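Chains A and B are the protein sequences, given in the same order. Position 85, counted from 1, in the first sequence is what our numbering calls 85; the numbers after and before it change by one each time, with no gaps. Here our numbering runs 123 ahead of the position in the second sequence, where the first position is 1. Worksheet for the structure shown next.
There are 2 protein chains.
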Amino acid sequence: MRNKKVGCAKFGFKMSNILYAVFLYLLMDNSASGYELSEELSKVGIDPSYIPSGIAYRLLRDMEANGLLVSKWETSGSGPAKRVYKITESGKKYLEAWLVEAKRNLQTMENLIGLIERRLKDE
Amino acid sequence: MRNKKVGCAKFGFKMSNILYAVFLYLLMDNSASGYELSEELSKVGIDPSYIPSGIAYRLLRDMEANGLLVSKWETSGSGPAKRVYKITESGKKYLEAWLVEAKRNLQTMENLIGLIERRLKDE
DNA sequence: TTCTGTTATGTGTAAAATACACATAGGTGA
DNA sequence: TCACCTATGTGTATTTTACACATAACAGAA
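Here it is in structure tokens:
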């Protein structure tokens with residue numbers, strides 16, 4: 001397929017936002033490093049190999065820059081130092097707001113998919 | 124929020140694909156012009172003002188280039204000429220395949236949203 | 001007859017998001 | 001000392017999305 005240029009979000013699920021939510025969710029219980037978080041993606045049904053580690057790290061740094069997380073270096077333990085992330089109050093608020101919007105988007109997609117499914121069934 | 128660079132689709136709903144599906148769905152019943160299709164977006168719960176007309180036209184041309192639609196000029200009737208689109212067999216197949224994938228993605232999102240909702244509830 | 005509004009189709013390009021590949025470095029054990 | 005595992009990060013090309021603008025036929029009013 002050739003190049004597509006389309007435009008217009010406001011409608012849906014954006015990957016970066018989904019991953020924001022996933023990491024925030026995973027950090028609700030315990031602090032964790034980027035490496036650990038990447039591995040824990042399978043807990044929410046996402047194949048970790050879909051998310052190259054470089055991308056996860058960049059995302060986490062952005063989340064920290066946006067105040068959703070804070071990090072500190074952990075040098076104890078074996079192996080190289082880890083940057084361990086912890087969720088902030090602002091991060092929790094973000095997750096709550098994301099949930100509200102995601103539920104609305106889910107509803108829109110359900111309606112659309114339902115329409116199309118019914119239309120294709122009675123062909 | 125500052126610039127985010129994230130990566131990794133394979134996971135979800137891409138706007139252009141959703142609009143492909145919506146236009147194909149709308150064209151299942153009747154042929155229509157880009158202008159008409161833009162207005163009919165409200166039929167599937169999408170506010171037409173979300174999709175600037177320039178974007179809809181470009182998308183339809185792309186869909187034709189990809190063999191999902193065919194068009195012809197309609198000069199009869201009043202007002203300027205219309206490019207009227209009709210769905211192809213390939214377009215129908217695309218829509219069917221989209222539906223299967225969309226249902227899977229919907230399921231993934233439902234699971235994720237459910238997890239997060241339950242976690243936030245018992246805070 | 002020209003000016004304004006409506007229908008109708010398109011293009012150019014800046015900005016943002018995504019994909020892919022590469023770079024760095026500490027520690028462990030053969 | 002070399003390979004391997006853990007761990008974090010950067011560079012940049014490509015693709016997607018957003019926003020603004022350009023074109024043109026026709027209708028009706030001034």
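Using N, Cα and C, we set each Cβ at its ideal position, and we do this for glycine too. All values derive from a computational prediction rather than experimental measurement.
Counted within 10 angstroms of its Cβ, other Cβ atoms place residue i as buried (16 or more) or exposed
i	result
SER38/A	buried
ALA65/A	exposed
GLY91/A	buried
ALA97/A	exposed
ASP62/A	buried
GLY157/B	buried
ASN153/B	exposed
ASN234/B	exposed
Span of the beta strand (DSSP E), counted from its first residue to its last, around residue i
i	result
LYS103/A	That residue, LYS103/A, is in no beta strand (DSSP E); its alpha helix (DSSP H) goes 89–121.
SER194/B	192–197
Residue range of the alpha helix (DSSP H) that includes residue i
i	result
SER16/A	15–29
Between the CA atoms of residue j and residue i - distance to the nearest angstrom
i	j	result
VAL22/A	LEU243/B	13 Å
LYS14/A	PHE136/B	8 Å
ALA132/B	TYR50/A	At ALA132/B, the pLDDT of 48 sits below 50, so the modelled position is not reliable; the number obtained from the coordinates is stated separately. Those two C-alpha atoms are separated by around 8 Å.
SER71/A	LYS82/A	10 Å
SER190/B	VAL44/A	Contrary to the premise, residue 190/B reads as Gly rather than Ser in this sequence. Looking at the two C-alpha atoms, the distance is approximately 37 Å.
VAL207/B	ASP47/A	43 Å
GLU117/A	LYS86/A	43 Å
ALA56/A	ARG227/B	24 Å
MET151/B	TYR217/B	12 Å
GLY202/B	LEU164/B	22 Å
MET232/B	ASP122/A	27 Å
MET124/B	TYR25/A	At MET124/B the pLDDT is 35, less than 50, meaning the model places this residue with poor confidence; the figure from the coordinates comes in the next sentence. Distance between the alpha carbons of MET124/B and TYR25/A: 20 Å.
GLU212/B	LEU238/B	40 Å
ILE18/A	TRP196/B	42 Å
GLN107/A	ARG58/A	31 Å
SER139/B	LEU60/A	27 Å
VAL100/A	ILE236/B	10 Å
LEU69/A	ALA32/A	11 Å
GLY200/B	SER176/B	22 Å
THR198/B	TYR143/B	26 Å
ALA102/A	GLU159/B	30 Å
Partner residues on chain B for residue i, Cβ-Cβ distance less than 7 Å
i	result
ALA21/A	ILE239
GLU89/A	Going along chain B, no residue has its Cβ under 7 Å from GLU89/A, so there is no contact; the nearest lies around 12 Å.
LEU69/A	Chain B residues near LEU69/A: none, gap ~13 Å exceeds 7 Å.
8 Å Cβ cut-off: residues of chain B touching residue i
i	result
LEU106/A	LEU229, MET232, GLU233 and ILE236
GLY45/A	THR231, ASN234 and LEU235
GLU96/A	LEU243
Residue i: contacting residues in chain A (beta-carbon distance under 9 Å)
i	result
LYS226/B	ILE113 and GLU117
Chain-ordered chain B contacts of residue i [CB-CB under 9 Å]
i	result
TYR25/A	LEU235, LEU238, ILE239, ARG242 and LEU243
LEU99/A	ILE236, ILE239, GLU240 and LEU243
Unbroken stretches of the alpha helix (DSSP H), 4 residues or longer, contained in the region 151–190 of chain B: Counting whole runs of 4 or more residues, the region 151–190 of chain B contains the alpha helix (DSSP H) stretches 157–163 and 176–188.
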